[in-house]
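Going down the list, the sequences are from chains A, B and C. Every number in our numbering is 53 more than the matching position in the first sequence, counting from 1. Every number in our numbering is 178 more than the matching position in the second sequence, counting from 1. Every number in our numbering is 122 more than the matching position in the third sequence, counting from 1. Note that the Cβ used here is the ideal one computed from N, Cα and C, for glycine as well. The structure displayed is predicted, hence computed values, not measured ones. Note sheet for the following structure.
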Amino acid sequence: MTVQPTGLADYNFAYLDEPTKRMIRRAILKAIAIPGYQVPFASREMPMPYGWGTGGVQVTASIIGPDDTLKVIDQGADDTTNAVSIRAFFAKVAEVSTTTSTAEATIIQTRHRIPEETLGEGQVLVYQVPIPEPLRFLEPRETETRKMHALEDYGLMHVKLYEDIARNGHIATTYAYPVKVEGRYVMDPSPTPKFDNPKMDQSEALQLFGAGREKRIYAVPPYTSVVSLDFEDYPFEVNRFDEPCALCGAEGVYLDEVVLDDRGGRMFVCSDTDHCEKRRAAGHRGAMASEGTLA
Amino acid sequence: MMTQGDSVSPHPEPIEGRGETANPPLRQAQGDGLPALAEEKPLLSASGVSKFYGSRIGCEDVSIDIWPGEVVAVVGESGSGKTTLLNCISTRLMPTTGTVAYRMRDGQIRDLYRMGEAERRFLMRTDWGFVHQNPADGLRMTVSAGANVGERLMATGARHYGNIRATAGDWLGRVEIAEDRIDDQPRAFSGGMRQRLQIARNLVTGPRLVFMDEPTGGLDVSVQARLLDLLRGLVTDLGLAVVVVTHDLAVARLLSHRMVVMKDGRVIETGLTDRVLDDPRAPYTQLLVSSILQA
Amino acid sequence: MYVAVKGGEKAIRNAHRLLADRRRGDRSVPALTLTQITCQLALAIDRVMSEGALYDRDLAALAVKQARGDMIEAIFLVRAYRTTLPRFGYSEPVDTGAMHIERRISATYKDLPGGQMLGPTFDYTHRLLDPELAGDAAVPDAERRDGEPARAMRVSDILAQDGLIEGDCDAQTEMPGDITREPMEFPMERDTRLQSLSRGDEGFLLALAYSTQRGYARSHPFAGEIRIGEVEVAVDMPELGFAVTIGRVQLTECQMINQFKGSSKAPPQFTRGYGLVFGQSERKAMAMALCDRAMRARELGEDIVAPAQDEEFVISHCDNVQASGFVEHLKLPHYVDFQAELELVRTMRAEHESRRDAGEPMPEAAE
């Protein structure tokens with residue numbers, strides 16, 4: 054199984070040694086069995102820095118096999134530097150085929166987005182998580198937050214939302230918006246925009262979350278209820294954009310704002326690059342698209 | 179010391195100057211048969227409670243019953259063990275020996291130290307209150323007054339912002355805090371206002387039993403008087419049972435029906451407040467009472 | 123017309139080529155050899171081995187060279203390699219009492235069996251830049267004592283004979299934990315805490331140790347003993363039925379002796395703070411010992427009032443590989459979240475303006 058001799062050291066398939074993968078897979082199984090519960094695991098040092106996706110990489114490395122097809126996105130895009138770097142890492146240490154196509158991927162590792170295209174059965178979405186604890190900024194102590202989860206003591210979470218409304222007239226949390234999983238655990242969906250929260254609910258795909266530095270793995274199994282916290286009279290709402298994607302004309306998708314010049318000129322384009330490209334290939338055109346934009 | 183027998187009939191003689199709620203158990207018992215059975219039992223019953231800090235005695239072999247609707251003052255000088263006793267019977271401090279039983283809302287008698295922590299926490303934030311001497315210990319200083327009052331409601335499942343806010347506003351009114359302060363943080367409040375806010379925060383879930391640790395300590399004399407007045411009104415209106423720890427006999431006289439005098443960790447005298455203050459039997463109580471009267 | 127930016131792959135490739143170029147620098151200057159680094163920058167190697175948690179001078183030298191002298195980057199390289207190594211087993215506890223001592227000092231006794239040995243220390247050097255070192259002047263050989271390498275009993279053992287200091291726990295009775303194999307959970311036991319401290323960042327622990335001396339959890343420490351030298355590493359061979367020495371490692375050990383008034387559980391006696399690191403690094407070992415003692419507050423029934431006593435705070439933040447990774451991850455794109463915040467601020471500003479125009483009262487400013 055050993056691949057990629059690097060002179061001083063040899064590395065195993067998908068970098069991690071097999072006992073480590075087994076340990077991580079056990080943590081994943083436990084996480085699937087208790088949806089939304091943060092399972093501590095003995096996170097390893099990875100060859101990329103903590104905070105740069107080490108949790109997601111460990112989860113992916115533990116579940117990936119030679120037949121898998123991997124897609125890696127960061128901010129929704131396949132071509133952001135860290136996505137490129139992680140994809141190259143797996144191409145090197147696991148020799149798996151990689152893709153930018155959401156539909157073709159069996160494993161999608163992501164940072165900060167859920168693809169626009171609905172995921173299906175058999176697909177796994179692996180999230181990179183910086184701070185897995187949804188209560189962290191209300192209560193910094195691990196000893197206390199674990200107790201709060203155990204006792205389902207989540208009043209503080211709504212206190213925060215109450216304060217938002219009292220102060221701003223609406224809930225002012227835009228990303229890492231807390232959710233309740235299967236009616237039990239409050240979970241941080243990782244810093245995805247709340248726009249993506251509804252995609253987590255009853256998803257056909259398995260969703261795995263890896264936090265390397267904080268040494269936690271959690272999961273949302275397929276067909277699991279994921280509810281964004283809110284008040285009856287201030288229901289959860291997703292962010293909306295006033296205009297469609299300037300390149301592919303898509304509406305109801307998440308957009309990046311691109312500054313065009315130093316005079317305030319800007320345009321909005323799909324954050325999900327694969328979705329945008331597919332639409333343009335199918336003939337959709339936005340206001341600022343030209344025939345030559347397709348790479 | 180006090181024994182179980184002493185406290186079975188808490189009000190053997192009429193109490194003057196305490197209004198008609200002075201003896202709620204008996205009064206309600208006359209109403210109809212069924213609740214009378216329940217009401218003839220104490221709400222909380224501590225027996226043989228001792229707490230040792232190494233070889234030092236915190237409190238020793240204290241038995242005490244708290245009846246529905248009665249206010250019991252625990253008095254003594256500092257170091258007499260009154261706060262230790264308060265903490266032991268309110269599950270904030272595990273006693274070395276002894277049991278504390280509590281009659282739940284459903285009528286069941288439960289041993290507090292055999293309950294699971296989840297159940298105990300639920301009890302503490304619904305059926306109980308705890309008023310700290312320093313309001314900062316009982317309030318969230320960096321969230322608004324409204325959220326401070328609303329937290330218990332949200333912790334027990336309230337999910338309608340408008341209703342939570344209306345209830346919080348109502349309670350602020352009851353503790354004489356202007357409703358337009360609802361979005362201000364307690365750090366902007368005076369000491370007396372903070373203490374009243376802490377009381378509102380505790381009473382919002384309609385508890386049956388409230389513990390208070392020197393609730394007027396640290397306040398100016400004029401502010402103390404106003405707070406005591408307010409407390410007396412609330413306790414009477416709501417028919418609360420209260421255990422109040424104080425070194426101030428004036429507080430005990432104004433608030434309580436019954437008094438427990440402690441010295442060196444032991445109960446040395448107990449009885450109706452008027453009787454203890456007007457006709458103290460233990461030499462130490464005589465000294466305590468005369469020193470106050472002379473002062 | 124707008125064309126979305128592509129070419130991340132190429133940019134990364136070129137950046138790494140440039141990095142390699144800058145690392146090598148002026149090609150007319152001979153490249154550093156690993157031997158030069160291990161021999162002449164030995165304390166850098168020691169720090170990388172210690173905080174990288176891998177005892178291998180050559181790999182540490184390679185890491186220092188590859189990291190262009192950036193110590194935390196070098197530590198990170200070693201850690202990332204270490205984590206891939208299969209685990210064969212655990213050594214027997216090393217016996218620092220049997221250390222081949224090169225340096226050994228005690229601040230608590232003027233003289234003691236085995237004596238005080240200064241060893242190769244910066245102490246008492248006058249910190250004057252030495253122009254001779256700019257060249258390659260000949261360095262005379264060091265004075266050496268003849269005969270067997272020195273051994274000496276530990277100062278803590280002297281105190282323990284009279285029961286004046288708390289005992290050491292028996293390493294044989296309890297298998298220590300392993301922070302690289304089991305998830306860390308708070309509150310921690312002292313074994314795993316010491317492991318975390320041993321690979322914790324020298325600067326962070328130094329600052330915390332310093333804070334205890336300035337009154338943030340003062341512990342009245344005495345440097346009972348600092349010893350540096352080599353110890354044998356033995357591994358139990360079940361097939362053979364006995365332990366076999368597989369090599370020697372250089373260690374720095376510090377035993378701090380601290381005042382303790384006694385509690386309900388223990389009589390008045392001195393307590394220990396312990397520091398042990400790879401190589402020669404007494405600054406780190408001393409800082410570790412002070413932090414260890416501070417974090418024993420809970421166990422010894424002391425009030426926890428200062429940062430150095432707060433186990434969850436210290437241990438969660440002492441690892442420089444974790445800390446630098448997370449601080450530096452802010453370099454990564456965050457524009458999806460930023461977009462969401464941008465929209466929110468725009469909405470709130472619009473609401474603010476419409477309220478102002480309508481003459482409505484303004485809510486108190488958010489924090």
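- Message: Checking 7 Å against the spacing of the C-beta atoms, do residue 144 (chain A) and residue 326 (chain A) come in under that value?
- Response: no
- Query: Is the shortest distance between the beta-carbon of residue 236 (chain A) and the beta-carbons of chain B less than 7 Å?
  - Reply: no
- Shorter than 7 Å from the beta carbon of residue 432 (chain C) to some beta carbon of chain A? no
- Query: Can you round the beta-carbon distance between residue 287 (chain B) and residue 296 (chain B) to whole angstroms, since I take them to be within the 8 Å contact cut?
  - Reply: About 19 Å; that fails the 8 Å criterion.
- Query: Among all the DSSP beta bridges, which residues are the ones paired with residue 279 (chain B)?
  - Reply: B:223 and B:289
- Segment contact, 8 Å Cβ cut-off, at least three pairs: the region 156-169 of chain C with the region 178-192 of chain C: yes
- Query: Between residue 435 (chain B) and residue 414 (chain B), what straight-line distance do the alpha-carbon atoms span, to the nearest angstrom?
  - Reply: 11 Å
- Message: Just checking: is the beta-carbon of residue 328 (chain B) within a distance shorter than 7 Å of some beta-carbon in chain A?
- Response: yes
- Item | Cβ-Cβ distance between residue 360 (chain B) and residue 347 (chain B) below 7 Å | yes
- For the beta strand (DSSP E) holding residue 144 (chain C), just list the boundary residues, first then last. Taken as a continuous stretch (DSSP letters only), residue 144 (chain C) belongs to no beta strand (DSSP E), being part of the alpha helix (DSSP H) at 130-146.
- Of all Cβ atoms in chain A, is any one closer than 7 Å to the Cβ of residue 293 (chain B)? no
- Message: Let me check understanding here. Comparing Cα to Cα, which of C:148, C:144, C:457 and C:203 lies closest to residue 171 (chain C)?
- Response: C:203
- Query: Between the C-alpha atoms of residue 456 (chain B) and residue 389 (chain B), what's the straight-line distance to the nearest angstrom?
  - Reply: 25 Å
- Item | Segment contact, 8 Å Cβ cut-off, at least three pairs: the region 91-102 of chain A with the region 298-305 of chain C | yes
- Message: If we define contact as Cβ-Cβ less than 7 Å, is residue 435 (chain B) a contact residue for chain A?
- Response: no
- Query: If you measure beta-carbon to beta-carbon, which residues of the region 192-204 of chain A are closer than 9 Å to chain B?
  - Reply: 200, 203 and 204
- Item | Reference residue 329 (chain A), options A:119, A:155 and A:219, closest by Cα | A:155
- Between residue 346 (chain C) and residue 374 (chain C), which are expected to be in contact by the criterion C-beta below 8 Å, what is the C-beta distance as a whole number of angstroms? That pair is no contact at about 14 Å.
- Residue from A:271, A:100, A:220 and A:79 whose Cα sits closest to the Cα of residue 89 (chain A): A:271
- Would you call the region 114-133 of chain A and the region 153-167 of chain A touching, i.e. three or more CB-CB distances under 8 Å? yes
- Just tell me which of A:266, A:239, A:116 and A:134 has its CA closest to the CA of residue 442 (chain C). A:266
- Message: Relative to the C-alpha of residue 336 (chain B), which candidate in B:382, B:351, B:299 and B:313 has its C-alpha closest?
- Response: B:382
- Query: Taking only beta-carbon atoms, is residue 302 (chain B) less than 7 Å away from chain A?
  - Reply: no
- Item | Cβ neighbour criterion (16 or more within 10 Å) applied to residue 458 (chain B) | buried
- Query: With 16 other CB atoms within 10 Å as the buried threshold, where does residue 371 (chain B) fall?
  - Reply: buried
- Cβ-heavy atom distance between residue 135 (chain C) and the ligand SAH below 6 Å? In the structure shown, the ligand SAH is absent, as is every other ligand, since no ligand is present at all.
- Query: Taking the alpha-carbon positions, what's the residue 325 (chain B) to residue 340 (chain B) distance?
  - Reply: 12 Å
- Task: Examine the Cβ distances between the region 63-77 of chain A and the region 241-257 of chain A and report whether three or more of them are shorter than 8 Å.
- Result: no
- Message: Quick check on the DSSP output: the alpha helix (DSSP H) that includes residue 202 (chain A) runs from which residue to which?
- Response: 195-203
- Item | Span of the alpha helix (DSSP H), counted from its first residue to its last, around residue 492 (chain C) | Nothing in the structure corresponds to residue 492 (chain C), since chain C is present only between 123 and 489.
- Since residue 419 (chain B) contacts residue 247 (chain B) with CB under 8 Å, what's their CB separation in whole angstroms? 6 Å
- Message: Is there a Cβ of chain A sitting closer than 7 Å to that of residue 282 (chain B), yes or no?
- Response: no
- Query: Going by other Cβ atoms of all chains shown within 10 Å of its Cβ, with 16 needed for buried, is residue 190 (chain A) buried or exposed?
  - Reply: exposed
- Query: Just how far apart, CA to CA, sit residue 203 (chain A) and residue 80 (chain A)?
  - Reply: 18 Å
- Message: Using the Cβ count rule (16 or more neighbours within 10 Å means buried), how would you classify residue 243 (chain B)?
- Response: buried
- Message: On a Cα-Cα basis, can you pick out the residue from A:65, A:281, A:133 and A:171 that is closest to residue 148 (chain A)?
- Response: A:65
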